[in-house]
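The structure under discussion appears below in the form of structure tokens.
Protein chains in written order, with our numbering: chain A, 1 to 191; chain B, 1 to 191; chain C, 1 to 787; chain D, 1 to 787.
As structure tokens, then:
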């Protein structure tokens, strides 16, 4: 057993396993290839104190540096906005999956379907189902788990790790987001 | 996907994964710890020409150097004996599992239940079920897959590999079995 | 057995001549005399009879499949990997496979209730005769079997009449189950339609079973003031011999009460129960005590309090024989459905059985005769109590033992990784090792009692028992009340609330139903129920959810059943009863169409479902839905167009039925007065949806109560609750209000100032409110009148 | 629908008085007059009535569980990991979980047959009336419904009588299914007992269905000389309009024949079939053609030959609409169990339906009325043929195309890793790329036609079609014969073979049954059947196995049905019919007890099963068993004590029922003459076992035919075959002979010299041959005579 097992032991069942995000550059590369990225954060972003600061900071940096639209599920919109984050929408977790599977959906801004989705802040069991549902229903979409628990149904996921290591990973990611070089490259893409 | 995936893709479903036999020393170490080893070979030992020579040679060396009893399943007894191997018994694949799960079974020779079982020469699908059945019913028994296809339900298994690589592995194993040092040590155990 | 004889007679009668033919004619007359109501188009329907209705709903609420596993493992061609668009060896695709599993679950669920109904009806007929009249509410309930009337087109008067219904249900379940065979149904929507059918059958079975037991055992007959009964571990007097009954089939438990009454033992023994048998027992005898929902099994047994355990069927843990053995309590299994490997002693002398049980010669027995269970259970409990009181029988560790256990914990996290709710047990153990048990005690509140942590622990810490140990004080204070299950809703209640509900002025009927797989403990159900009762919705409850609501006290020390009334009226919290009583909820919706709107029920499913869907603002909340039964119950609501919200684990049911509020074109109805197509907005938006949190659930409840038929007054009231809850819980204003406001009159007056600018930006409409229907057949101009 | 009305009448009759009571009495008399046989102890049993018998078998043949997955995923508490002794959230352990899945499978299987029976009986009653007499063999068959007599204790005379049986079956299936609910049955052996019950119900359902169709459609009535019919892709004249029927419900196909006869189209169109509908159709019209078993669906359709496809139920691939679309053939679905997402056109004008189908406006339609299917199918096929013959409709690549495809192959092995039988496709592709198609053509022989390879290929090679392309010549030469399913076994046949079978002098009855999930192609079944027919066993066959046997020619060019006779007698190969005809096999075993041994059948299951188990050397071989139906059929044999051997994939059914020949103490019976316990050796050794190869299966067949009741002459004959096969196939002498030789008289004379020394070393015994029984109730001294 390793960091690449399903965190809740029995929540396995995928014939494909998510690739492990070994370093933040992986995420940057995915972002570079993506035309329409999106971030979805669930209620544990707020309710799980251990994760709140890290996730909020990360999401906020994604927004600042990459202008990625952010959706919240459940009831956390107000609390997330209080922390300085702009939201592009609020939907139920099932509702957003239902839209992401629809090739004709135009996204929150009317500019089209998303091709890269970052997900964080869900309970493991529900998160696992969200990844499974996306794998099945939106096979072209790359889906990234940003929580510190390995999600085999995602396209890319962090391995199971302690909060400290995860925080360090996210710090590295944020540094990378800030590096001018990267920033510029992303600007080019999003022009 | 890697050499450690179930060979028939869908035959997954184990929450524990077999350890991969990375080098023949692993098998020697297991043998040293074992009190009552046993080898079971299935009909593909004969019907799968690709494997026949390699398996027969390996089994034969196990017998010569380690005096491990050998059982055949299905109908291959005569053909295996023709190749110079002594058999301790012939049983159906299900019958042997049924005995291996029974703590009161005295083995083929009346000297007690086995604690280490090598298995080879089965179709992947049936083999997979044999490993699963042993994992469930004989949890104390260490079960080793010697075929060149990864069997997650075994305790130890070779990874999925090409015949050539597998043959090389088996050659290394046979060399090790022959090395005097090892031989002697095993003698001590089996006194 | 009786049943079989009848059928033989019938079949052999058909092989003779003359006089039997006369019989047919005579009977035909009796039938006509009994019931004047015109028969609708679909009495005793098979699933294809209602397939068009189903497909209408399923087009609007398209299934979203959530594979729980990539594989199909149902036949030996497999396992097959269905991920990535691959098909199995039989040609099936992932969507059909997921819906097939849903069908299997719904069939298991429906079979469970129907088979329970069969068992109960057989038993009661044997005991009281086939002509025992059905009576669920005396003169207060004239429409006594709305589901059976609606689906079967008959009006059952006696227990014997119910056998006809059972034959139909069993035949249909068998057909649906057959469709799940490898190489049968291939289309996901057709699987879903069959799921709906299973759900409808399930509700018929539920109604039948509850009607039978209400009639035969004289349970509360549509009584809004049913007794308050005690609930909770703290209410039990362990000094007395204690019997624990678990399951969903009340006859053995009733015979325990009867035997103790007959032998003057009432008050001298404690009869305590878990799950629906407990609920139904307190409907029979309010002195019986409810321990709690399904999740209380391990904690209560491990306390060592029960001197004897009687299990019947459904939701009975599969390891009870082991758990009972651990506290040296004998066990009696009473159902053919759960024989538990025990020797069948049904025909033995009670003296012998009691002796064997008490002496521990056997860990338990199987007794299939409830009367004998009554005697053996009481006698064995009396003797068992004497023996057990001299021994240490609790296996809950003491505080000292617990601290020692906690010190063993190495923080490997395996328990958390086995826990369905990822509870932070290692952290709490670490704290407990220092002597502070409070964190563990907190976890007790959210624990669903599954015990997976015990097996996961490498250090052999009895984790679940440790939680109970840490929460000892709380456990002793589990002293609550629940109102005994009242059964059906009275016709007069329907008459009074029918108008306000259909017009939207009672903002909704919220049914809290289902099991105890709660994400954060039982209290969330109570919280939701109170919120909506205070807002003067009608809150209805059954089973484990009804108990969960009772396990709460407000600042005045009242349980919700004391704080709120039990009438089917605004501001009530109405416990209708056990799982089988769920049919009274769907039945109430149907009765609105029948009693208030005077629609014909008889074999007229489609029209009535269309009525309910478009007019009755009812929502089911199965916050801890766990089982196949829950799946079937939900499906029965769906076919009537009643949305169901489940907790986060509910997504494991493998698919949602979701509407797309952003697709304007999905939300047209016919105005039955004109035949005109009218856009009515996404009401209700979903038919089956998982909510992540209670906050999301509450907002969804308020939203899903809206219906096309709402008057402006009704709609504005419903919107007030929706907006108010959204703002409070989400902290912002909802962004979809414009979809629900058909004209300025719909805008809640108190919010007009705030809303008008927002709405104007989106373009304020002025749409008519139609007489809504999805059915062309309901358009009056075309058909020349509806009835 | 008729059925429902009856029930209403009945129920309402019960609510009136007087004259109805008189009716009961009168009927009682009719019943007595009809059948003098004494009623046994268990008419219409529920599963607990036979639980003791089951547990007797299950103690001897202890289940060995083979988890197919470590997880349980049936409720939302899960998924739960049950490996390593862990229990699920509901308390269930791995063994109970595996047996629970077996129960689910058996329930699905039984439901499928029973529901098919219901459908058929409803249809036939509607068409021909309830009083249509049952006639399965005229004066040749007096015991016409052995299973129904045995289980239900009634003697059905008309189609209407069968409804009584159906009600019972559906009720029981519903109860069994309920036991699979979360938190119900907890004990593995009780699950197994319920599985046996499901199997028994299944055989009743099978018998009922075949009796109904034999009677109504005048199918061969126990006719050992039923016609030879053509089998194989090579027999079809593609110049004519070709209709393909697939499934297990013959009425629509019969109406196709009837329509074409009526319109003088017989001989002008080809009606071809796959699976049991094909078998049953040829029982009706020997001019219809059987394409092959289930595994022929993809290859035949892709050939482009069928102009129109009619699917009914069971074993119909879930992707047929797609496959049909690929060859531009319209599809008609005809069963409520498989609506396939198609629009229900049952009530539409045939002209409109034909037009829409032929023009391709719709890919297919659902028509639930067989008569209308008959008309639409024939008319649409005629038109479709005209259109299709101008187009390229085959999607099988040409040799040139194939070689181009083969060149694409990169040898990634994904196809092999998707193939249930690990066929070495990449190697064969490599060879094909050089122009040599022979390896691919070889693989065609062993391919089970699942098509998983197609989806696995990253290079989009149509692999399955490539196999067919490579084997083009072979395919064109698939021209064989199968004897049309004869139906029941005649009483006189039973009378003649009863003695020899029971004494062991006909060494065994081998039933080749089940699906086409063969490990090495169909030919192995033919090989086994021929081997045992030559050895003068009685070989019986049904369904896909009956077809597989036909797909073989001996050195003289004869198919086995030409080479061997069709009588139920030594040396015969007897095709009794389709899946539902399996009941004639169990029925024959029962009839031996009834006709030969004069035991009462009526409601007397346990005694008869004990008789069959100890005396009738029958063995089932389900070499390609794939489905839930196959599981149920096998279970029906087990409860009668008839062992079943499955191919290697059969281990995926999750458990075996294995005896331990090394446990002497397991093999005692009572001698019913004296009550003495007698050791009889491990006969039969197993009740359910997987064989790895056909060689192992053949040796097992011979071994499992031995029974305690064998005379020495019989035993020595059986041993001769066992030893002979073992030596030939295993290359050595078996090491367990001493277990089967009770006294020197048992030793085969021709082998005495060889065997005696071996046996003497083991200690040659001299045991009596008892009058064997497992039942204390059968001991005569104790009970004062048995009958």
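Positions of the beta carbon are idealized from the N, C-alpha and C atoms, including for glycine.
message: In the DSSP assignment, the alpha helix (DSSP H) including residue 4 of chain A goes from what residue to what residue?
response: The residue labelled residue 4 of chain A in the question sits at position 4 within the first chain. Run containing residue 4 of chain A: none; DSSP gives neither H nor E here.
query: Which runs of the beta strand (DSSP E), 3 residues or longer, sit entirely within the region 289–329 of chain D?
result: 289–292, 308–311
Candidates D:613, D:612, D:637: closest to residue 622 of chain D by CA position: The residue labelled residue 622 of chain D in the question sits at position 622 within the fourth chain. Comparing Cα-Cα distances from residue 622 of chain D to each of D:613, D:612, D:637, the minimum goes to D:637.
- request: Give every residue of the same chain whose Cβ lies closer than 7 angstroms to the Cβ of residue 771 of chain C, excluding the five residues on either side of it in the sequence, and list them in chain order.
  value: As a working note, residue 771 of chain C is residue 771 in the third chain. Excluding residues within five positions, the ones whose Cβ falls inside 7 angstroms are 671, 672, 673.
query: Where DSSP assigns a beta bridge to residue 80 of chain C, which residues make up the other side?
result: Locating residue 80 of chain C in the third chain gives position 80, where the first residue counts as 1. According to DSSP, residue 80 of chain C bridges with C:72.
task: Could you tell me which uninterrupted alpha helix (DSSP H) segments, each at least 4 residues in length, are contained entirely in the region 619–684 of chain D, listed from first to last along the chain?
output: 628–639
query: Taking 9 angstroms as the CB-CB limit, is residue 407 of chain C close to chain B?
result: In the third chain, residue 407 of chain C corresponds to position 407, counting from 1. Answer no: the Cβ-Cβ gap between residue 407 of chain C and chain B never drops below 9 angstroms.
- prompt: Does the beta carbon of residue 649 of chain D sit closer than 9 angstroms to a beta carbon anywhere in chain B?
  reply: Walking along the fourth chain from the start, residue 649 of chain D turns up at place 649. Residue 649 of chain D counts as touching chain B.
- prompt: Quick one: what's got a C-beta closer than 8 angstroms to residue 788 of chain D's C-beta in the same chain, skipping five residues either side?
  reply: Outside the shown range of chain D, which is 1 to 787, sits residue 788 of chain D, and nothing can be said about it.
Inside the region 436–480 of chain C only - alpha helix (DSSP H) runs reaching at least 4 residues: Qualifying alpha helix (DSSP H) stretches, in chain order: 438–446, 452–456, 463–470, 472–476.
message: Taking 8 angstroms as the limit between beta carbons, can you name the residues of its chain near residue 28 of chain D, skipping five residues before and five after?
response: Taking the first residue of the fourth chain as position 1, residue 28 of chain D is located at position 28. Reliability of the predicted coordinates at residue 28 of chain D is poor, the pLDDT of 28 falling under 50, and no value is obtained from them.
field: Beta carbon of residue 234 of chain D nearer than 9 angstroms to that of residue 475 of chain D
entry: Here residue 234 of chain D refers to the residue found at position 234 when the fourth chain is read from its first residue. Here residue 475 of chain D refers to the residue found at position 475 when the fourth chain is read from its first residue. It is a contact, given that the beta carbons lie within the stated cut-off.
- request: Taking the CB atoms as reference points, tell me whether residue 86 of chain B and residue 70 of chain B lie closer together than 9 angstroms.
  value: The count along the second chain starts at 1 and reaches residue 86 of chain B at position 86. The count along the second chain starts at 1 and reaches residue 70 of chain B at position 70. Taking 9 angstroms as the Cβ cut-off, residue 86 of chain B and residue 70 of chain B qualify as a contacting pair.
- request: Anything in chain A within Cβ reach of residue 104 of chain D, meaning under 8 angstroms, just list it in chain order.
  value: The count along the fourth chain starts at 1 and reaches residue 104 of chain D at position 104. What residue 104 of chain D touches in chain A: nothing, since even the nearest Cβ is about 18 angstroms away.
- request: Pull up the distance between the alpha-carbon of residue 740 of chain C and that of residue 134 of chain A, whole angstroms please.
  value: The sequence position of residue 740 of chain C within the third chain is 740, counting from 1. The sequence position of residue 134 of chain A within the first chain is 134, counting from 1. Those two C-alpha atoms are separated by around 29 angstroms.
- request: Could you have a look at residue 53 of chain C and say whether DSSP puts it in helix, strand or coil?
  value: As a working note, residue 53 of chain C is residue 53 in the third chain. Note: residue 53 of chain C maps to helix in three-state DSSP.
According to DSSP, residues forming a beta bridge with residue 158 of chain D: Locating residue 158 of chain D in the fourth chain gives position 158, counting from the first residue. Answer by DSSP bridge pairing, in chain order: D:133.
- request: Keeping to the same chain, check which residues put their C-beta closer than 7 angstroms to that of residue 162 of chain D; ignore five residues upstream and five downstream.
  value: On the fourth chain, residue 162 of chain D is found 162 positions in, with the first residue counted as 1. Around residue 162 of chain D: 121, 156, 208, 212.
task: Measure the C-alpha to C-alpha separation of residue 632 of chain C and residue 72 of chain D and round it to an integer number of angstroms.
output: On the third chain, residue 632 of chain C is found 632 positions in, with the first residue counted as 1. On the fourth chain, residue 72 of chain D is found 72 positions in, with the first residue counted as 1. Their backbone Cα atoms lie some 19 angstroms apart in a straight line.
message: Suppose the cutoff is 7 angstroms on Cβ atoms and the five residues either side in sequence are ignored; what does the same chain contact list for residue 21 of chain C look like?
response: For the purposes of this step, residue 21 of chain C is taken as residue 21 along the third chain, with counting starting at 1. With a pLDDT of only 35 at residue 21 of chain C, under the threshold of 50, the placement of this residue in the model should not be trusted, and no figure is reported.
- prompt: From what residue to what residue does the beta strand (DSSP E) around residue 614 of chain D run?
  reply: The count along the fourth chain starts at 1 and reaches residue 614 of chain D at position 614. That residue, residue 614 of chain D, is in no beta strand (DSSP E); its alpha helix (DSSP H) goes 605–615.
- prompt: Going by other Cβ atoms of all chains shown within 10 Å of its Cβ, with 16 needed for buried, is residue 663 of chain D buried or exposed?
  reply: What you label residue 663 of chain D is simply residue 663 of the fourth chain in a count that begins at 1. Answer is exposed; the Cβ neighbour count stays below 16.
task: Please name the residues in the region 44–77 of chain C whose beta-carbon is closer than 8 angstroms to at least one beta-carbon of chain D, in chain order.
output: Only 44, 46, 47, 48, 51, 52, 68, 69, 71, 73, 74, 75, 76, 77 from the region 44–77 of chain C bring a Cβ to less than 8 angstroms from some Cβ of chain D.
task: Taking only beta-carbon positions, decide if residue 79 of chain C is within less than 9 angstroms of chain B.
output: As a position in the third chain, residue 79 of chain C is number 79, starting the count at 1. By this cut-off, residue 79 of chain C is an interface position.
- prompt: Within 10 angstroms of its Cβ, does residue 144 of chain C collect 16 or more other Cβ (buried), or is it exposed?
  reply: For the purposes of this step, residue 144 of chain C is taken as the residue at position 144 of the third chain. So residue 144 of chain C ends up on the buried side.
task: Give me the Cα-Cα distance between residue 117 of chain D and residue 251 of chain D, rounded to the nearest whole angstrom.
output: Here residue 117 of chain D corresponds to residue number 117 of the fourth chain, with the count starting at 1. Here residue 251 of chain D corresponds to residue number 251 of the fourth chain, with the count starting at 1. Between residue 117 of chain D and residue 251 of chain D, the C-alpha separation is close to 12 angstroms.
- prompt: If the cut is a Cβ gap below 8 angstroms, which residues of chain A does residue 192 of chain B touch?
  reply: This structure cannot speak to residue 192 of chain B, because chain B is shown only from 1 to 191.
message: Contact defined as beta carbons within less than 8 angstroms: I believe residue 483 of chain C pairs with residue 561 of chain C. What is the distance between those atoms, to the nearest angstrom?
response: Within the third chain, residue 483 of chain C is the residue found at index 483, counting from 1. Within the third chain, residue 561 of chain C is the residue found at index 561, counting from 1. Contact flag correct, Cβ pair sits at about 4 angstroms.
query: Taking a cut of 7 angstroms between CB atoms, which residues from the region 31–44 of chain B lie near chain D?
result: 42, 43
- prompt: What is the DSSP secondary structure of residue 166 of chain B, counted as helix, strand or coil?
  reply: Stepping through the second chain from its first residue, residue 166 of chain B is reached at position 166. In this structure, residue 166 of chain B counts as helix in the three-state DSSP scheme.
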